[in-house]
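Asker:
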Amino acid sequence: MKFCIIGGGVSGGLLNRTLTELGHDLTVFDKSSFQMRSGFGFLLLPNGIAGLKELGVWKDVEPFCLRIRKVNYINTSGDLTNQIDFEEVYSISRFKFLEALSKNSTQVVEDLVKLSKTGDFIVGDHTNIPSNSFDGILGSDGVHSNTRAYLNNNAENQETATYEVMGVVKSDFLYNMLGNELHKYAIADNGLSMGILPLKDGEIIWYLQVNSIDHGVPNRDRESLIKFLKEKVGDCENPMIQALLNSNIETTYVWQGRTLKNVSCLAKENIFLFGDAAHIFLPFTSQGTNSAIVDVALFVQHLKSGKSLPEFAHQYSVERLAETNELVQSGVNMMHDFCFTDFDEVALKMPITILK
Ligand SMILES: Cc1cc2nc3c(=O)[nH]c(=O)nc-3n(C[C@H](O)[C@H](O)[C@H](O)COP(=O)(O)OP(=O)(O)OC[C@H]3O[C@@H](n4cnc5c(N)ncnc54)[C@H](O)[C@@H]3O)c2cc1C
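The opening residue of the sequence shown carries number 79 in my numbering; numbering runs sequentially from there.
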């Protein structure tokens, strides 16, 4: 079959790899090969890992993963308030994840493309292809998806009150102290916490979760973000946080929390949505990547069963909406707890939404 994949990130990359291996004819667009690979990393949870195994790519991804054994919660006094063991959770850098998938994939064409208003053409700066030259249009065009807007006229993408300032550092001292564990620190009683997560090969992701109502929003340039980080956590005596502040923080990024409204259709006829184009999770759940993987696994499962896309579009949409709506809601509840409940109470709950 002939497919057009819009977006080459997590879901687009996975579609590209799997459908190429299955012998389909692909045209894959990404607006920027730099943006496609940028971002820091994520936790792979049991549902995402099961999807990767089902798709037959886990063997290529696993060598780049670090198994995370537990999460530790530390309160504002520096006391360990909770510790949760993980059965099957791994951290991985986004770059390495996409690199692992790129083996046996179709080359990506760099262009910002979208479906024309009538849906008759895929148009971009260098592209103008009739949509009916493809058997399927696979929208994996991320948070600001145009494909989503095409299928859901009234879709609204709204900012939430929480965001994360984050980055990656390399520090042997900190890496050795972390072990294979995720550490979460309460910086204020509510609305401000810090996470430190080791990746494979000495890299470390740090993220400051912030409730903007209480703590404001800094400018997004690197200097302002580092100043903000130091202002917020500089007084914290914890040796891990101090080691982080003393390391060379080169990269910073703001991940704004978002929710979607009025999205009721994830697939119609031969147009399908995947990943953030289909659903947006708050960072608390760690489900963005994992659910994107599950989307692709379900799509491929249907395709392999020999059905045509229009035959399973409705079922795909209903099934994925039912599962992800619950996960989205769990993120909203966690955000509420994070903003308005004492950290110790939040620490008793699972920080991420584990789904087997
Ligand atoms: C900084 C950052 C940190 C994150 N950390 C975590 C985490 O710790 N845990 C977690 O589970 N999730 C995390 N996420 C979310 C996670 O990366 C996404 O949920 C996941 O990547 C979803 O995959 P996707 O394919 O839908 O989107 P993406 O991986 O974002 O890919 C979308 C792709 O589409 C391309 N694109 C967009 N529009 C167009 C267009 N019109 N034409 C062509 N190409 C287009 C973009 O360039 C991009 O490459 C993070 C996201 C960011 C940005």
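Ideal Cβ positions, reconstructed from N, Cα and C, are used throughout, including at glycine.
Could you tell me which whole beta strand (DSSP E) segments of length 3 or greater appear in the segment 342-376?
Answerer: Listed in chain order, they are 349-351.
Asker: Give the list of continuous beta strand (DSSP E) stretches no shorter than 3 residues that lie fully inside the segment 190-267.
Answerer: With a minimum length of 3 residues, the continuous beta strand (DSSP E) runs that stay inside the segment 190-267 are 191-193, 199-202, 206-208, 214-217, 234-248 and 259-264.
Asker: For the putative contact between Val243 and Leu190, defined by C-beta atoms under 8 angstroms, what is the C-beta separation to the nearest angstrom?
Answerer: Not a contact, Cβ separation roughly 27 angstroms.
Asker: Could you tell me whether any Cβ in chain B is nearer than 8 angstroms to the Cβ of Gly294?
Answerer: No chain B appears in the structure shown, which is made up of a single protein chain.
Asker: The alpha helix (DSSP H) with Gly126 in it runs from where to where?
Answerer: Start and end: Pro124 to Glu132.
Asker: So, with DSSP's three-state summary, where would you put Pro296?
Answerer: Looking at Pro296 - three-state DSSP - the assignment turns out to be coil, as it is neither helix nor strand.
Asker: Which residues in the same chain as Gly202 place their Cβ atom closer than 8 angstroms to its Cβ, once the five residues preceding and following it in sequence are excluded?
Answerer: If we look at Gly202 and ignore the five residues flanking it on each side, its Cβ neighbours are Phe107, Asp189, Leu190, Val191 and Lys192.
Asker: CB Ser369 to CB Leu405, shorter than 8 angstroms?
Answerer: Yes, these two residues count as a Cβ contact at 8 angstroms.
Asker: Got a list of residues with beta-carbon closer than 5 angstroms to any non-hydrogen atom of ligand 1, in chain order?
Answerer: Working through the chain, the matches are Gly85, Gly87, Val88, Ser89, Phe107, Asp108, Lys109, Gln113, Met114, Gly117, Phe120, Leu190, Val191, Ser218, Asp219, Gly220, Tyr331, Trp333, Gly353, Asp354, Ser364, Gly366, Thr367 and Ala370.
Asker: Provide the residue(s) that pair with Glu188 in DSSP beta bridges, ordered along the chain.
Answerer: Glu188 pairs with Asp108.
Asker: Would you be able to state if there are at least three C-beta pairs under 8 angstroms between the segment 335-349 and the segment 94-104?
Answerer: Cβ pair count under 8 angstroms is below three, so no.
Asker: If you draw a straight line from the alpha carbon of Phe352 to that of Gly217, how long is it in whole angstroms?
Answerer: Rounded to whole angstroms, Phe352 to Gly217 spans 6 angstroms at the Cα level.
Asker: Can you tell me whether Val311 is buried or exposed? The criterion is at least 16 other CB atoms within 10 Å of its CB, across all chains shown.
Answerer: Per the 10 Å Cβ criterion, buried.
Asker: Report the option in Lys148, Phe120, Leu97 and Gly294 whose CA atom is closest to the CA atom of Val135.
Answerer: Of the listed residues, the one whose Cα sits closest to Val135 is Leu97.
Asker: From Phe118 to Met272, what does the alpha carbon distance come to, in whole angstroms?
Answerer: One C-alpha to the other measures close to 16 angstroms.
Asker: Please name the residue, chosen from Phe120, Ala178, Asp163 and Phe112, that lies closest to Glu140 on a Cα-to-Cα basis.
Answerer: Here the closest residue by C-alpha is Ala178.
Asker: DSSP three-state label for Leu439, please.
Answerer: It is not possible to answer for residue 439, since the shown part of the chain is limited to 79 through 434.
Asker: Determine the burial state of Pro296: buried for a count of at least 16 other Cβ atoms within 10 Å of its Cβ, exposed for fewer.
Answerer: Per the 10 Å Cβ criterion, buried.
Asker: Return helix, strand or coil for Ile84, following the three-state DSSP convention.
Answerer: Three-state result, Ile84: strand.
Asker: CA-CA distance, Gly294 and Ser302?
Answerer: For Gly294 and Ser302, the distance between alpha carbons rounds to 13 angstroms.
Asker: Check this for me: beta carbons of Leu260 and Val149, under 8 angstroms apart or not?
Answerer: Yes, Cβ-Cβ distance for Leu260 and Val149 is below 8 angstroms.
Asker: When burial is assigned at 16 or more other CB atoms within 10 Å of the CB, is Phe175 buried or exposed?
Answerer: Buried.
Asker: Measuring straight from C-alpha to C-alpha, what distance separates Asn206 and Ile215?
Answerer: Approximately 14 angstroms, taken between the alpha carbons.
Asker: Considering only residues of the same chain and omitting the five flanking positions on each side of Ile319, which have a CB-CB separation below 6 angstroms?
Answerer: Around Ile319: Val311.
Asker: CB-CB under 8 angstroms to Cys143, same chain, minus the five flanking residues each way: which ones, in chain order?
Answerer: Only Leu122, Tyr168, Ser169, Ile170 and Lys278 meet the Cβ criterion.
Asker: Output the distance between the C-alpha atoms of Tyr263 and Met79, rounded to the nearest integer angstrom.
Answerer: Whole-angstrom Cα-Cα distance: 50 angstroms.
Asker: Compare the beta carbon distance of Asn316 and Gly156 with 8 angstroms and say whether it is the shorter of the two.
Answerer: Cβ atoms of Asn316 and Gly156: closer than 8 angstroms.
Asker: Do Phe212 and Phe81 count as a contact pair if the criterion is CB distance below 8 angstroms?
Answerer: Result yes, Cβ atoms of Phe81 and Phe212 sit closer than 8 angstroms.
Asker: Asp157 by DSSP, collapsed to three states: which one?
Answerer: Asp157: coil per DSSP, three-state reduction.
Asker: Quick check: the segment 379-388 against the segment 326-340, are at least 3 beta-carbon pairs closer than 8 angstroms?
Answerer: No: fewer than three Cβ pairs fall under 8 angstroms.
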